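K.L.:
Counting in the numbering used here, the sequence shown runs from 3 upward without gaps. All C-beta atoms, glycine included, are put in the ideal place defined by N, C-alpha and C. All values derive from a computational prediction rather than experimental measurement.
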Amino acid sequence: MLFGKKFWATCAAAFCLTVTAQAAEYPSADEVAVKVANEQGTLFPIGKPNVAYEKYFTGKTYHTSLAKDSMGVSNVTFIDGAHTFWHKHHGTCQILVTEAGAGYVQIWGQEPVKLIPGVAFTVPEGVKHWHGAAPGHMMQHLSIMQASPEVSTEWLEPVDDKFFESLR
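1) In chain order, what residues of the same chain lie with their CB nearer than 7 Å to the CB of tryptophan 184, ignoring the 5 residues before and after it?
2) Would you tell me roughly how many angstroms separate the C-alpha atoms of tryptophan 110 and valine 129, rounded to the nearest one?
3) Spatial neighbours of valine 75 within its chain, please: C-beta separation below 7 Å, excluding the five flanking residues on both sides.
4) Please say whether isoleucine 81 and alanine 135 have beta carbons closer to each other than 9 Å?
5) Quick check: what's the CA-CA separation for proline 126 versus threonine 155?
6) What are the boundary residues of the beta strand (DSSP E) that includes lysine 116?
7) Name the two residues that bound the continuous beta strand (DSSP E) containing phenylalanine 87.
8) To the nearest angstrom, how far is the alpha carbon of threonine 63 from that of valine 78?
9) Could you spell out the range, first to last residue, of the alpha helix (DSSP H) harbouring lysine 164?
10) For glutamine 108, count the other beta carbons within 10 Å of its own beta carbon; 16 or more makes it buried, fewer makes it exposed. Which is it?
11) Give every residue of the same chain whose Cβ lies closer than 7 Å to the Cβ of glutamate 159, excluding the five residues on either side of it in the sequence, and list them in chain order.
12) Within 10 Å of its beta-carbon, does tyrosine 28 have 16 or more other beta-carbons around it, so buried, or fewer, so exposed?
13) Is histidine 133 closer than 9 Å to glycine 83 when the C-beta atoms are compared?
14) Less than 9 Å between the C-beta atoms of glutamate 113 and proline 137, yes or no?
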C-alpha cells in the first residue's frame, strides 16, 4: 500500500468536511468520514446529501460531480446498504468504478455482481439494472456517463427487499 491506513483515514475525514448542506435525517459528515475511513475510502470529496434523487434510492446517499463536460463523472457514496431502484440509462452506457466498501450491481435477468474496490463494471445503454451498497455496508463508486441533452434515466420499481437482504 502506497500510504498507510491512518493517512487515508485522515484524507477521507478532511474531504468529508466539504459536505455543507445536510438534511436532518442524513448522517453527519463526521459519521460518514468514519464509515469511509473504516472501508479504506476514497480521496474524492463525498459531496452533499443526494436529496434530489432520494425518491429513487433506498437509504441515504451522497453525490459530488467531478466533471460535467462531454462526460459526466460523479462520486456517489451509499450508506448502510443504500441502493438505487431498477433503472435504465438512455443515450449512454454507464461505467461504475468501485472505490471503497462493498456493493452489488445487477442487470435484469442476471445474477448480481459483487462490487469491491478496483472493480469496474459497464452497464450497456438501455439495460435495466440497479447498484449500491451491500446490506449493512457502505460503498463508493465513480459513475461515468456521457453528458448530453439526449441522455436520460428512466427510473423503475424498487429492488425487492427480501431479495436484497439475501445478498448478505
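P.N.:
Working from what's here:
1) Outside the displayed range of the chain (3 to 170) lies residue 184, so it cannot be described from this structure.
2) Tryptophan 110 and valine 129: Cα-Cα distance of roughly 8 Å.
3) The beta carbon of valine 75 lies closer than 7 Å to those of Leu68, Ala69, Leu144 and Ile146 in the same chain, with the five residues before and after it left out.
4) Note that the C-beta distance between alanine 135 and isoleucine 81 is below 9 Å.
5) Annotation: proline 126 to threonine 155 spans about 13 Å, alpha carbon to alpha carbon.
6) According to the DSSP assignment, lysine 116 belongs to the beta strand (DSSP E) that extends over 115-117.
7) For phenylalanine 87, there is no enclosing beta strand (DSSP E), since its DSSP letter is neither H nor E.
8) For threonine 63 and valine 78, the gap between their C-alpha atoms comes out near 7 Å.
9) Residue range 163-167 is occupied by the alpha helix (DSSP H) that includes lysine 164.
10) In this structure glutamine 108 is buried. Its beta-carbon is surrounded by 16 or more other beta-carbon atoms within 10 angstroms.
11) Here the set comprises Phe87 and Trp88.
12) Tyrosine 28 comes out buried.
13) Using a Cβ distance threshold of 9 Å, glycine 83 and histidine 133 do not count as a contacting pair.
14) Going by beta carbons, glutamate 113 and proline 137 fall outside the 9 Å limit.
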